[in-house]
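J.: Next up is a structure, given as C-alpha cells.
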Amino acid sequence: MHTPYNIGDEVIVDKHWLRVDAELSDDTKAHRTYRCGSVFEPGRNFALKQFDQYGLFSYVLQQFARDAFQHFAKHRQKFLDVGIPDVHFCDWQHFLMDFVPGETLEDHVPPPEILDRVQYIRDLLLGVIQQMETIREAGLIHRDIKTPNIMLRRGMKPAEKKAVTLIDLDTISLPTDEPIFDRLPFGTTSHMAKEVFSRSSHGFPADVYALGVTGIELLEMYLPGLFIVNNGYTADCSLGYEYSRARQSNAWLMRSKWPKLTDEILRNLYAPDPRSVRQVLGLIYECLHDEAPDRPKDGATMRQILTDTGNLAEV
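Numbered by this note's numbering, the letters in the sequence shown go through residues 123 to 437 in order.
Structural data, given as C-alpha cells:
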C-alpha cells in the first residue's frame, strides 16, 4: 500500500518541489489525489495523484499514466489551447497536473437563478464535447469521462469558452484496433461501453458512450425527483457484471420508453423549454447505442444534435 501524504508534507516529483495543501479525494484503494502548492513558485498549484504501489490494479494504472504522459506531451499545445490542464510529470508513483480552480460536476449545483437546468446541462455537454473532439483529433481517447472528471472553472458559466474542462488525464491512450488480451479492461464500470467490457477493439465511441451515461447523471442530479437508472428507463444494473450482461444482450437502455421519459422531464419545473429537453435526450439516446458504429463518430455530429430541435418520434 502507499503511505498517504498529510497536509503540510513536502514531496518532490521530478523537478517540482511541492507542499501538500489539501486532499481532493478519499480513494484509499487505487490512488489518492491532493492539491499541492509549489514551494518555489508561490501561487502556482498542482493536482497530484499518488498511486497505490502494490494494489491489484496498481501496475495497470501506473502503466496507463506513463503512456498517457507521453501521449499528452506530443499534443500539449493543442490540448492547452482548448483549456485542458497541463500535465507536467508522471512516474511510477505520481501523476502531476495543473490544478483547475472550480468544481467537479459531481459536486456542482447550478446557481438558483438558473431556471432551465436542461439548457444548463446542454451547455456543459457542449463544453465537454469540444475537448473530447480535440483528444479524438489527436488520435487518442480519454477513457474515463464521468462527472468527477469534468471541471467547471470557478466564476465561469458553462457557455463560456474553456469554462468546462476534462481532468484525470492519466488514462489518455491510443484506440485499440485489436482485441486486448494482455491487459485488464480499465475505466469506470458504470460508464463502460460493451466493447470495453469484452476487451474488443475500441476507440472514440467508448468516450461517446461514457458521455451519454454522464448526461443521465446530470439529469438525475439537477432535476429533482427524476430517476432514469433502475426506474423503468434502463435495465436494473447495480454491479459491474450486471452492466456487462445487460449490455451484451443490448438491453440496458429501454428505448421504447424514451418518449415517456421525455414527457416526464417536460413536466419538471426546471425543464421549461421542450427544445432543450429534446436536444439533451436526443444526444444521450444516440450516445448510448450498444454497438459502437451506431454512436456519433465525431464532435461535429454531437454538437449538431445539441443545437437542433431533435425529434425523438423519428429516432
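The beta carbon of each residue, even a glycine, is placed where N, CA and C say it ideally should be.
1) Whose CA, out of Ile387, Ala328 and Ser322, lies closest to the CA of Leu345?
2) If you follow the alpha helix (DSSP H) that Arg154 is part of, which residue opens it and which one closes it?
3) Less than 7 Å between the beta carbons of Phe168 and Leu183, yes or no?
4) Would you call the stretch 230 to 250 in contact with the stretch 273 to 290, where contact means no fewer than 3 C-beta pairs closer than 8 Å?
5) To which residues does DSSP link Cys409 through a beta bridge?
6) Could you check where the alpha helix (DSSP H) with Gln253 kicks off and where it finishes?
7) Give the straight-line distance between the Cα atoms of Val133 and Leu170, rounded to the nearest whole angstrom.
8) Taking the alpha helix (DSSP H) that Ala195 belongs to, which residues open and close that run?
9) I'd like the span of the beta strand (DSSP E) that includes Met120, first residue to last.
10) Within a Cβ cutoff of 8 Å, which residues of the same chain sit near Ala435, ignoring the five residues on either side of it in sequence?
11) Please classify Val204: does DSSP put it in a helix, a strand, or coil?
12) Please state if the CB of Val222 and the CB of Pro207 are separated by a distance shorter than 7 Å.
13) Can you tell me whether Val355 is buried or exposed, with buried defined as 16 or more other CB within 10 angstroms of its CB?
14) Is the stretch 192 to 211 in contact with the stretch 257 to 277, if contact means three or more CB pairs nearer than 8 Å?
15) Can you look up Leu345 in the DSSP assignment and give me helix, strand or coil?
16) Which of the three DSSP states, helix, strand or coil, is assigned to Asn167?
17) Assign Val209 to one of three DSSP states: helix, strand, or coil.
18) Are the CB atoms of Val318 and Gly325 nearer to each other than 7 Å?
19) Would Arg265 and Thr293 qualify as a contact pair, given that the criterion is a beta-carbon distance under 7 Å?
20) Could you check which residue in Pro327, Pro126, Leu405 and Tyr176 has the C-alpha nearest to that of Tyr156?
21) Between which two residues does the alpha helix (DSSP H) containing Thr423 stretch?
22) Do you know how far the Cα of Ser378 is from the Cα of Leu288?
T.: Taking the coordinates as given:
1) Minimum Cα distance to Leu345 is reached at Ile387.
2) Not the alpha helix (DSSP H): Arg154 falls in the beta strand (DSSP E), residues His153 to Ser160.
3) Taking C-beta atoms as the reference points, Phe168 and Leu183 fail to come closer than 7 Å.
4) Yes, the stretch 230 to 250 touches the stretch 273 to 290.
5) When beta bridges are read from the DSSP output, Cys409 appears opposite no residue.
6) Note, Gln253: alpha helix (DSSP H), Arg239 to Glu259.
7) If you take the alpha carbons of Val133 and Leu170, they lie about 10 Å apart.
8) Counting along the chain, the unbroken alpha helix (DSSP H) around Ala195 starts and ends at Ser180 to Lys196.
9) An answer regarding residue 120 cannot be provided, because it is not within the stretch 123 to 437 covered by the chain.
10) The pLDDT assigned to Ala435 is 43, lower than 50, so where the model puts this residue is not dependable; a value taken from the coordinates is nonetheless given after this. Around Ala435: Pro381.
11) Correct three-state label for Val204: coil.
12) Taking 7 Å as the cut-off, the Cβ atoms of Pro207 and Val222 count as close.
13) Residue identity check: residue 355 is Tyr in the sequence provided, not Val. Its Cβ being crowded by 16 or more others within 10 Å, Tyr355 is buried.
14) Output reads yes: the stretch 257 to 277 touches the stretch 192 to 211.
15) Correct three-state label for Leu345: coil.
16) The three-state reading of DSSP puts Asn167 in strand, counting E and B together.
17) Correct three-state label for Val209: strand.
18) The criterion of a C-beta distance shorter than 7 Å is not satisfied by Val318 and Gly325.
19) Yes; because the gap between Cβ atoms is below 7 Å, this pair is in contact.
20) The shortest C-alpha to C-alpha distance from Tyr156 to any of Pro327, Pro126, Leu405 and Tyr176 is the one to Pro126.
21) Per DSSP, the unbroken alpha helix (DSSP H) holding Thr423 starts and ends at Gly421 to Thr429.
22) Rounded to the nearest whole angstrom, the C-alpha separation of Leu288 and Ser378 is 32 Å.
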